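Asker:
Residue numbers (my numbering): 1 to 245.
Dropping the structure here:
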């Protein structure tokens, strides 16, 4: 059960308890007040009997007055009960509105905090990404000739990269292993080779503890050259980190 629901139920229970206590005791209190008022009124209105005829007339007058006062009292009692009901409903509506406003504010604050946290994580991830790719530029991932088989040296580099990646909060991130080639040879073969090499790197990073659900491999082949298009240094793998979908 959410905190919002618990707060609301607690307030509502307290209001209803007060309401039923008032409704339960109000009739007896009002009846007692009415009886006392009637007795006093009767005492005040009863004249000193001087004749039986006058006494009968006074009794009839007193009865009429009592009936009229009872009617007025019942009307007043009903009006007071209606006013209590109105006040209770108004109080409940106010409390519900306060709860809704508080909940909305908490959700807004929570959403803002999550957004700020996500931006901070992405900024840190981009810093790590830049450091990794600088390292890969100076000591690139190497494969056996015309294949996607990693060399022993490259596996050591990837273990170090995995260690850096695991320092990040990657739950809302996506890692792309991007493979590239130079422009020598058949472009279709190069594109396929770049994909195979990217997949090989992805598998090794997963083996080293990176969540397979947040990492993908893409082969770009002959594209995004950083040297002359025929320079073999264009044969490389890069790591890209971005916000997850």
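Glycine included, every Cβ here is placed at the ideal spot set by N, Cα and C. Keep in mind it's a predicted model, so treat the numbers as computed, not measured.
1. Are there 16 or more other CB atoms within 10 angstroms of the CB of residue 71, so buried, or fewer, so exposed?
2. Give me the DSSP bridge partner(s) of residue 183.
3. Is the beta carbon of residue 180 closer than 9 Å to that of residue 200?
4. Can you tell me the Cα-Cα spacing of residue 130 and residue 161, whole angstroms?
5. To which residues does DSSP link residue 174 through a beta bridge?
6. Excluding five sequence neighbours on each side, which residues of the same chain lie with their C-beta closer than 8 Å to the C-beta of residue 172?
7. Hey, could you find the ends of the alpha helix (DSSP H) residue 157 is sitting in?
8. Cutting at 7 Å between CB atoms, please list the residues of its own chain near residue 234, excluding the five before and the five after it.
9. Within 10 angstroms of its Cβ, does residue 190 collect 16 or more other Cβ (buried), or is it exposed?
10. Once DSSP output is grouped into helix, strand and coil, what is the label at residue 149?
11. Suppose the cutoff is 7 Å on Cβ atoms and the five residues either side in sequence are ignored; what does the same chain contact list for residue 220 look like?
12. Going by DSSP in three states, residue 210 sits in which element: helix, strand or coil?
13. Straight-line CA distance for residue 165 to residue 210?
14. Does DSSP put residue 188 in a helix, in a strand, or in coil?
15. Run the CB neighbour count on residue 13, radius 10 Å, all protein chains shown included, and call it buried at 16 or more, exposed below.
16. Please report how far the alpha carbon of residue 67 lies from the alpha carbon of residue 94, in whole angstroms.
17. Whose CA, out of 123, 196, 159, lies closest to the CA of residue 146?
18. Any heavy atom of the ligand ADP closer than 8 Å to the beta-carbon of residue 188?
19. Short of 6 Å in beta carbon distance, which residues of its chain neighbour residue 217, apart from the five on each side in sequence? Order them along the chain.
20. Within the same chain, show all residues whose beta-carbon is closer than 8 Å to that of residue 187, passing over the 5 residues directly before and after it, in chain order.
21. When the Cα atoms are used, what is the spatial distance from residue 69 to residue 79?
22. Given a threshold of 16 other Cβ atoms within 10 Å of its Cβ, counted over all protein chains shown, does residue 138 qualify as buried or as exposed?
23. Would residue 157 pass as a contact of residue 241 if the rule is Cβ separation under 9 Å?
24. Measuring alpha carbon to alpha carbon, tell me which of 231, 11, 214, 192 ends up nearest residue 99.
Answerer: The structure says:
1. Stepping through the chain shown from its first residue, residue 71 is reached at position 71. Residue 71 should be labelled exposed.
2. The sequence position of residue 183 within the chain shown is 183, counting from 1. Its beta-bridge partners do not exist; DSSP assigns none.
3. Taking the first residue of the chain shown as position 1, residue 200 is located at position 200. Taking the first residue of the chain shown as position 1, residue 180 is located at position 180. It is not a contact, given that the beta carbons lie outside the stated cut-off.
4. Numbered from 1 along the chain shown, position 130 holds the residue referred to as residue 130. Numbered from 1 along the chain shown, position 161 holds the residue referred to as residue 161. Each residue's Cα considered, the two are about 12 Å apart.
5. Taking the chain shown and counting its residues from 1, one reaches residue 174 at position 174. According to DSSP, which records beta bridges pairwise, residue 174 is partnered with 242.
6. Here residue 172 refers to the residue found at position 172 when the chain shown is read from its first residue. So the list reads 118, 121, 243, 244, once near-sequence residues are dropped.
7. As a working note, residue 157 is residue 157 in the chain shown. Residue 157 -> alpha helix (DSSP H) spans 152 to 165.
8. Here residue 234 refers to the residue found at position 234 of the chain shown. 180, 181, 182, 225, 226, 227.
9. As a position in the chain shown, residue 190 is number 190, starting the count at 1. Buried, by the Cβ-count rule.
10. Translated into the one-based positions of the chain shown, residue 149 becomes position 149. DSSP, read as helix, strand or coil, puts residue 149 in coil.
11. Walking along the chain shown from the start, residue 220 turns up at place 220. Cβ within range, chain order: 178, 179, 180, 194.
12. For the purposes of this step, residue 210 is identified with residue 210 of the chain shown, where counting begins at 1. Coil at residue 210, not helix or strand.
13. The residue labelled residue 165 in the question sits at position 165 within the chain shown. The residue labelled residue 210 in the question sits at position 210 within the chain shown. Using only the alpha carbons, I get a separation of about 8 Å.
14. Here residue 188 is taken as the residue at index 188 of the chain shown, counted from 1. Helix, per DSSP.
15. Here residue 13 refers to the residue found at position 13 of the chain shown. Flag for residue 13 reads exposed.
16. Along the chain shown, one-based indexing puts residue 67 at 67. Along the chain shown, one-based indexing puts residue 94 at 94. For residue 67 and residue 94, the distance between alpha carbons rounds to 41 Å.
17. As a first step, residue 146 must be located in the chain shown, where it is residue number 146. It is 196 whose Cα lies nearest to the Cα of residue 146.
18. Looking at this structure, you won't find the ligand ADP or any other ligand, since it has none at all.
19. Along the chain shown, read from residue 1 onward, the residue named residue 217 stands at position 217. Result list for residue 217: 177, 198, 199, 202, in chain order.
20. As a first step, residue 187 is located in the chain shown; it is residue number 187 there, counting from the start. The beta carbon of residue 187 lies closer than 8 Å to those of 221, 222 in the same chain, with the five residues before and after it left out.
21. Locating residue 69 in the chain shown gives position 69, where the first residue counts as 1. Locating residue 79 in the chain shown gives position 79, where the first residue counts as 1. In this structure, the straight-line span from the alpha carbon of residue 69 to that of residue 79 is close to 15 Å.
22. One-based indexing of the chain shown puts residue 138 at position 138. By the 10 Å Cβ count, residue 138 comes out exposed.
23. As a position in the chain shown, residue 157 is number 157, starting the count at 1. As a position in the chain shown, residue 241 is number 241, starting the count at 1. For residue 157 and residue 241, no; Cβs fall outside 9 Å.
24. Here residue 99 refers to the residue found at position 99 when the chain shown is read from its first residue. Residue 99 has its Cα closest to that of 11, out of 231, 11, 214, 192.
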